[in-house]
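For reference, each letter of the sequence shown is one residue, going -23 to -1, 1 to 272 in mature numbering (1 follows the signal peptide of the UniProt record, and there is no 0).
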Amino acid sequence: MGLWLSSWMLLLCIASSMSPSSAAPANPSTFSSFKDNFNIMWAEDHFKTSPDGQVWYLYLDKKTGCGFQTRQRYRFGWFSMKLKFVGGDSAGVVTAYYMCSDLGAGPDRDELDFEFLGNRTGQPYTIQTNVYKSGLGGREMRHMLWFDPTEDFHTYSILWNNHHIVFFVDRVPIRVHKNTDKPNNFFPNEKPMYMFSSIWNADDWATRGGLEKTDWKNAPFVSSYKDFHADGCQWKDPFPACVSTTTENWWDQYEAWSLPDSQLEDFSWVGRNLVIYDYCKDYERYPVLPEECNL
Ligand SMILES: *[C@@H]1O[C@H](CO)[C@@H](O)[C@H](O)[C@H]1NC(C)=O
């Protein structure tokens, strides 16, 4: 533990002393005002902002959780936000932060998910990612984090172009989902997506497969948000816009089609040390692995 932690610190120092990599947004547009850019989806009274409007809080109690979404849809780009999670005993509580083509859980939706699964006091949070295409998912991965996500804000981002989808934590790529370019590929690239976040009770499955129940004595559970950046192509109906071939968008350019060497090292470190579950290694579930697992 001590050893890998310190080698991780070393990696981090190296990474932070380097100039911004190609996957860094060139000119992120910061959303300053919540109301201009987001809608509250449900339970408005469980949503609060800091006095200066820069930090947003989602509350979960026994009655309900709540959630918000962007007003706009995007197709391809870099999407990023800082989040901080419920501390203490948060078993059963899930904070989801995701992109989805649909406002409901429509049967044909495309989706890119980050889900943060709470835990008993002192036990680590787990981060689950998943990809859906046309309503079909089953592409879960679970990771441990290398820090306590309840102590501070950390940045969680998605890079999406027609070549791959990369999930980042503090600029460290933790998951790469590649486009096989085959006819029936499992790669959501057609539908524009909103970005969402919500907090809810999932004690039927989230912590130790549902064995650990939410302890409502600790309610309300609060997730905090700030610094949303969307550096992507904003979709405007009905034009078939936002094709991933335009050269002016950094996220579509050749450098963003694969991880640069500097990120590959971190990515393989994460792969060796932090993966708890990978559907691409679950031969019981997939006797024949999905095609994208072979890339
Ligand atoms: C909770 O903590 C246990 C014990 O450390 C760990 O095995 C588990 O992956 C953690 N996360 C969840 C969501 O259960």
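C-beta atoms are modelled at their ideal positions from N, C-alpha and C, and glycine is treated no differently. None of these values were measured; they are calculated from a predicted model.
Check whether Asp90 and Ser111 have beta carbons under 8 Å apart: Translated into positions along the sequence shown, residue 90 becomes position 113. Translated into positions along the sequence shown, residue 111 becomes position 134. The answer is no: Cβ separation not under 8 Å.
According to the neighbour-count rule (16 or more other Cβ atoms, all chains shown, within 10 Å of its Cβ), is Ser6 buried or exposed? For the purposes of this step, residue 6 is taken as the residue at position 29 of the sequence shown. Only weak support exists for where Ser6 lies, its pLDDT of 42 falling under 50; the coordinates are left without a value.
Given this structure, state the Cα-to-Cα distance separating Ser(-2) from Cys219, to the nearest angstrom. Within the sequence shown, the letter at position 22 stands for residue -2. Within the sequence shown, the letter at position 242 stands for residue 219. Residue placement at Ser(-2) is flagged as unreliable, the pLDDT there being 37, under the threshold of 50; the coordinate-derived value follows with that caveat. Distance between the alpha carbons of Ser(-2) and Cys219: 20 Å.
Would Pro126 be called buried (16 or more neighbouring beta carbons within 10 Å of its own) or exposed? Along the sequence shown, read from residue 1 onward, the residue named residue 126 stands at position 149. Label assigned to Pro126: buried.
With 16 as the cutoff for other CB atoms within 10 Å, does Gln240 come out buried or exposed? For the purposes of this step, residue 240 is taken as the residue at position 263 of the sequence shown. Looking at its Cβ environment, which holds 16 or more other Cβ atoms inside 10 Å, Gln240 is buried.
Could you give the first and the last residue of the continuous beta strand (DSSP E) run that contains Glu225? Taking the sequence shown and counting its residues from 1, the one referred to as residue 225 is at position 248. That residue, Glu225, is in no beta strand (DSSP E); it is neither H nor E in DSSP.
Return the residue from the list Ile151, Ala207 and Gln105 that minimises the CA-CA distance to Trp182. One-based indexing of the sequence shown puts residue 182 at position 205. Residue Gln105 is the option with its Cα nearest to Trp182.
Option nearest Trp55 by Cα separation, candidates Arg249, Val247 and Val143: Numbered from its first residue, the sequence shown carries residue 55 at position 78. Ranking Arg249, Val247 and Val143 by Cα distance to Trp55 puts Val143 first.
Pull up the distance between the alpha-carbon of Phe198 and that of Tyr36, whole angstroms please. Taking the sequence shown and counting its residues from 1, one reaches residue 198 at position 221. Taking the sequence shown and counting its residues from 1, one reaches residue 36 at position 59. Cα-Cα distance, rounded: 6 Å.
Between which two residues does the beta strand (DSSP E) containing Gly209 stretch? Counting from one through the sequence shown, the residue named residue 209 turns up at place 232. Segment Phe198 to Gln211, the beta strand (DSSP E) holding Gly209.
Thr72: CB within 7 Å of a non-hydrogen atom of ligand 1: Here residue 72 is taken as the residue at index 95 of the sequence shown, counted from 1. Answer for Thr72: no, Cβ out of range of ligand 1.
One question on the structure: do Asn202 and Lys12 come within less than 8 Å of each other, judged by their Cβ atoms? Your numbering for residue 202 matches position 225 in the sequence shown. Your numbering for residue 12 matches position 35 in the sequence shown. Correcting the residue identity first, residue 202 is Tyr in this sequence and not Asn. Result no, Cβ atoms of Tyr202 and Lys12 do not sit closer than 8 Å.
Below 8 Å between beta carbons: does that hold for Tyr51 and Pro169? The residue given as residue 51 occupies position 74 in the sequence shown. The residue given as residue 169 occupies position 192 in the sequence shown. Yes. Within cutoff.
Let me know if Ala179 comes out buried or exposed under the rule of 16 or more other beta-carbons within 10 Å of its beta-carbon. Against the sequence shown, residue 179 aligns to sequence position 202. Buried.
List in chain order the residues whose CB is within less than 5 Å of at least one heavy atom of ligand 1. Leu94, Asn96, Gln100, Thr103, Thr184 and Arg185
I'd like to check one pair, Phe93 with Phe45: are the Cβ atoms closer than 8 Å? As a position in the sequence shown, residue 45 is number 68, starting the count at 1. As a position in the sequence shown, residue 93 is number 116, starting the count at 1. Contact: no.
Using only CA atoms, which one of Cys257, Gly64, Asp204 and Gly81 lies nearest to Ser27? For the purposes of this step, residue 27 is taken as the residue at position 50 of the sequence shown. Cα-wise, what sits closest to Ser27 is Asp204.
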